[in-house]
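Going by my numbering, the sequence shown opens with residue -16, and the numbers climb by one from there. Positions of the beta carbon are idealized from the N, C-alpha and C atoms, including for glycine. Computed from a predicted structure; not experimentally measured. To start, the structure under review is shown below, and the notes come after it.
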Amino acid sequence: MVRVLFLCVANSARSQMAEGLARHLLGDKAEVRSAGSRPTRVNPFAIGAMREIGIDITQQSSKSVDDIDPATVDVVITLCAEEVCPVFLGDAERLHWPLDDPDSRDPRLNDAQRIERFAQAREAIRARLTRWRAERFG
């Protein structure tokens, strides 16, 4: 079993969706967690985007990368794009899947546009995870 950690800044959207998707797609092949450098809360739009595909992430919570023991992680996957990704010390394999934060603070966006941004991020993560699963586990 591979121990995977998804990282982004707030541990609110991208890494939370990645955690839920990885649990769903990898099953017992992986132990999956997520964290951030400045954790906040699980974004309601992330919860909604995952609910659309039948995955419930309401029991997940935002966690600090500082609380993760590096010895318990085999693979770190960072999802930051333009912001500075959290630093993670240790000998874990590192992958970087840059993805723009779907939680735009642009006041011109309406809820439908925000929902679409989260759905696009979810699908980008799902595609990366599906490829990684095939490469890693065959």
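DSSP, reduced to helix, strand and coil, places A117 within a helical segment of the structure shown. Assignment of F(-11) by DSSP, reduced to helix, strand and coil, places it in the strand class.
When Cβ pairs closer than 8 Å are counted between the two stretches, the stretch 47 to 57 is seen to touch the stretch -2 to 18, the count reaching three or more.
Between the stretch 39 to 48 and the stretch -8 to 4, the count of Cβ pairs shorter than 8 Å is three or higher; the stretches touch. Per DSSP, reduced to three states, the secondary structure at A18 is strand. With respect to the 8 Å criterion, D83 and A95 are not classified as neighbours on the basis of their beta carbons. Secondary structure note for I60: it is in no alpha helix (DSSP H), and the uninterrupted beta strand (DSSP E) holding it is V58 to T61. In this structure, L(-10) keeps its C-beta atom at 8 Å or more from the C-beta atom of R109.
Cβ contact annotation for Q43 (same chain, cutoff 8 Å, sequence separation greater than five): Q(-1), E2, G3, S17 and V25, in chain order. In this structure, DSSP gives E106 a helical state, which the three-state scheme calls helix.
In this structure, P53 sits near G73, with a CB-CB distance shorter than 8 Å. Pairing R100 with W80, the inter-Cα distance amounts to about 17 Å.
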